[in-house]
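Down below is the structure, laid out as structure tokens.
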Amino acid sequence: MKRLLWVIAEIAIVFILLSLPGSSFPDQAKWYGNFPLDKLVHILLFGSLALSFLIYFEKSKYQALKTVRAKAYVLIFCILYGIGMEYYQKYFVPSRGFEVGDMLADAIGSLLALPLLKWLKGNILNKHK
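Numbers in this note's numbering are just positions in the sequence shown, counted from 1, shifted up by 540.
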């Protein structure tokens, strides 16, 4: 139950953070040369969201949630959630806009959760059953 609550909390956290008006943030700070800090934030937010879903599914007692198909659904959900949030920002959040770069960062973060899950399974998750 705790893992499910964490997944729900992650969805809410992403929604809240992406609902903040653009004026809440400093001007586009850069990180490592020309890589925008906001893209790193998107990668981390959606990577964390996908990872929390994947861990919840991995630790579930239901075998259907442990399949490749279930993992694909998680990734599709996270990527579509990122796209949906960009539309939401464009029409409902003051001084925020629709950025393809943000959607790509969301997708990259979501996809990076898979190798991270594999590493966690081999090094941490299976040791704490």
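Glycine included, every Cβ here is placed at the ideal spot set by N, Cα and C.
Under 8 Å between C-beta atoms of residue i and residue j
i, j, result
"residue 592", "residue 618", "no"
"residue 559", "residue 640", "no"
"residue 653", "residue 577", "no"
"residue 543", "residue 601", "no"
"residue 604", "residue 612", "no"
Residue from the options with nearest C-alpha to residue i
i, options, result
"residue 545", "587, 559, 597 and 623", "597"
"residue 585", "551, 604, 608 and 612", "551"
"residue 580", "661, 605, 642 and 622", "642"
"residue 557", "625, 631, 644 and 659", "625"
"residue 646", "628, 588, 611 and 605", "588"
"residue 644", "582, 631 and 627", "582"
Rounded C-alpha distance that separates residue i from residue j
i, j, result
"residue 664", "residue 636", "39 Å"
"residue 590", "residue 615", "7 Å"
"residue 648", "residue 638", "17 Å"
"residue 661", "residue 555", "28 Å"
"residue 607", "residue 561", "39 Å"
"residue 629", "residue 656", "29 Å"
"residue 547", "residue 659", "20 Å"
"residue 622", "residue 541", "25 Å"
"residue 631", "residue 549", "24 Å"
"residue 627", "residue 553", "17 Å"
Notebook entry, point to check: At what residue ranges does the region 633 to 667 contain a whole run of the beta strand (DSSP E), taking only runs of 3 or more?
Noted result: none
Checklist line | Complete alpha helix (DSSP H) runs within the region 586 to 641 (minimum length 4 residues, chain order) | finding: 608 to 632
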